[in-house]
Amino acid sequence: MLIFLWRRNQLLVWDPVTGDRHHLDVPPGFDNEETRIKGGVLRPAGVAHHFQVVLVGNSDIQLTQAVASVYSSETALWSNLLSAPLPADDPDVVTRVYHDMCSVMIGNSLYWFLIGNFCGILEFNLDTQSLSVIHAPVDVDVNTCSVTVMRAEGGGLGFLFLSDYCVQVWKRKTDCDGVASWVLGRTVALDKLLSMNSEEGSQSPRILGFAEDNNVVLLWTFIGVFKVHFESLQSKKLLESYRFYRWFHYYPFEAVYTADAGIM
-19 MLIFLWRRNQ
-9 LLVWDPVTGD
1 RHHLDVPPGF
11 DNEETRIKGG
21 VLRPAGVAHH
31 FQVVLVGNSD
41 IQLTQAVASV
51 YSSETALWSN
61 LLSAPLPADD
71 PDVVTRVYHD
81 MCSVMIGNSL
91 YWFLIGNFCG
101 ILEFNLDTQS
111 LSVIHAPVDV
121 DVNTCSVTVM
131 RAEGGGLGFL
141 FLSDYCVQVW
151 KRKTDCDGVA
161 SWVLGRTVAL
171 DKLLSMNSEE
181 GSQSPRILGF
191 AEDNNVVLLW
201 TFIGVFKVHF
211 ESLQSKKLLE
221 SYRFYRWFHY
231 YPFEAVYTAD
241 AGIM
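Going left to right, the sequence shown walks through residues -19 to 244 as our numbering numbers them.
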C-alpha cells in the first residue's frame, strides 16, 4: 500500500500483513501545492523482496506538463523524470490527476484519470517507460458523475462511466491502421441490476473503488455498498448503507500471502 505523508513530502510503502514499512522522499520536480501527486506500488513477478513505486503528477516548473518517476527498492533510486504535455486550452484551469481514483494496472501499464481543463486518462507504460495522455470517451463532471478505468471485456483498456443510475462501459480498440478509438460496449440500468427503486434515493450511486485482479467495481448506493462485475452482471451487497460510507476511501485487498511471500 502506498500512503502519502504530505507534511513531510514523503511516501510510505506499507505491507499491512508483514508490517514492513519503507519511507521514501518524494523526488524533485513534482508540484505538491496546486495539484496532487498520485502513485502506484507494484512488485515484479517472481521477486519477493523488491518493489517499485510509480509516481505521477504535475511538473513544479510547468503545471501543463505531467511528470512521472519510478523508484526501485533494489537500487534505492528514483529514475529520471519523464514528461508528457497536458491540454491547456484554459490557462486558469489546471489539468491534474483525479485524487479520488487509485491507479489501475492493465497489462503492463498503470492508468490514472485526469480532470480539470481536460477529461482524460494518464498512462504510464512499464515496458517502454513512457508517459502518455488519452482522451476519455465522454466529458465528465466529477461533482455529479463517477468514473473508473477498468479492464475491458476480452482485455485491454476499458472505462466505466456512471451518471445517476446509468452505467456506460467503454472499450478502447485499435483498427487495422493502428488508430485507437473508444467503442461503447454496453449500457446498464443500475437500479434494475441492483433491484432498487431510484425514486426512494436522495443521492445517486457513487463509484468507491476498483478491484483490478477480479475486474470488480465497488459502488455506494442508498441501499448498501455493492461489488459489481459488469461483464457477468453479477453483484453482491457488502455493507448496509450509511451516508458517510459514500465518502470513505476504499482499498481492495484481493490476494494475501504468507509473511515470507509478502503481499501484492
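A virtual CB, placed ideally from N, CA and C, is assigned to each residue, including glycine.
Supposed contact pair residue j and residue i - C-beta distance, whole angstroms, cut 8 Å
i, j, result
"Ile86", "Leu137", "6 Å"
"Lys147", "Phe210", "For clarity, residue 147 is Val in the given sequence; the question names Lys instead. Yes, they are in contact, since the Cβ atoms of Val147 and Phe210 sit about 7 Å apart, within 8 Å."
"Glu20", "Leu(-9)", "The question names Glu, yet the displayed sequence has Gly at residue 20. Actually they do not touch by this definition, with Cβ atoms about 11 Å apart."
Identified DSSP bridge partners for residue i
i, result
"Glu103", "Tyr91, Ser112"
"Cys146", "Ser143, Ala169"
"Thr154", "Ala160"
"Trp200", "Arg186, Val205"
"Tyr51", "Val33, Trp58"
"Gln45", "Pro65"
"Gly138", "Met130, Lys151"
Residue interval of the alpha helix (DSSP H) (run including residue i)
i, result
"Asp11", "Where Asp11 is concerned, there is no enclosing alpha helix (DSSP H), given that its DSSP letter is neither H nor E."
First and last residue of the uninterrupted beta strand (DSSP E) at residue i
i, result
"Leu173", "That residue, Leu173, is in no beta strand (DSSP E); its alpha helix (DSSP H) goes 170 to 173."
"Gln(-6)", "According to the sequence as given, residue -6 is Trp; it is not Gln. Residues -10 to -6."
"Ile86", "84 to 86"
"Ser212", "Run containing Ser212: none; DSSP gives neither H nor E here."
"Ile(-17)", "-18 to -15"
"Met130", "125 to 131"
For residue i, the three-state DSSP class (helix, strand or coil)
i, result
"Ser59", "coil"
"Ser178", "helix"
"Arg186", "strand"
"Arg23", "coil"
"Ile243", "Note that Ile243 scores a pLDDT of 37, beneath 50, so its modelled location is shaky; the value from the coordinates is reported in the next line. Of the three classes helix, strand and coil, the one that applies to Ile243 here is strand, per DSSP."
"Asn194", "coil"
"Val77", "strand"
"Ser39", "strand"
Distance between residue j and residue i (C-alpha atoms, nearest Å)
i, j, result
"Arg186", "Val118", "17 Å"
"Gly165", "Lys153", "11 Å"
"Ser175", "Phe202", "12 Å"
"Pro67", "Thr(-2)", "42 Å"
"Arg131", "Ser212", "13 Å"
"Val122", "His30", "36 Å"
"Asp0", "Arg23", "14 Å"
"Thr238", "Leu199", "Residue confidence for Thr238 is low, a pLDDT of 45 falling below 50, so the modelled location carries little weight; the figure read from the coordinates is stated next. Cα to Cα, the separation comes out at about 30 Å."
"Arg16", "Thr124", "21 Å"
"Ala160", "Tyr145", "28 Å"
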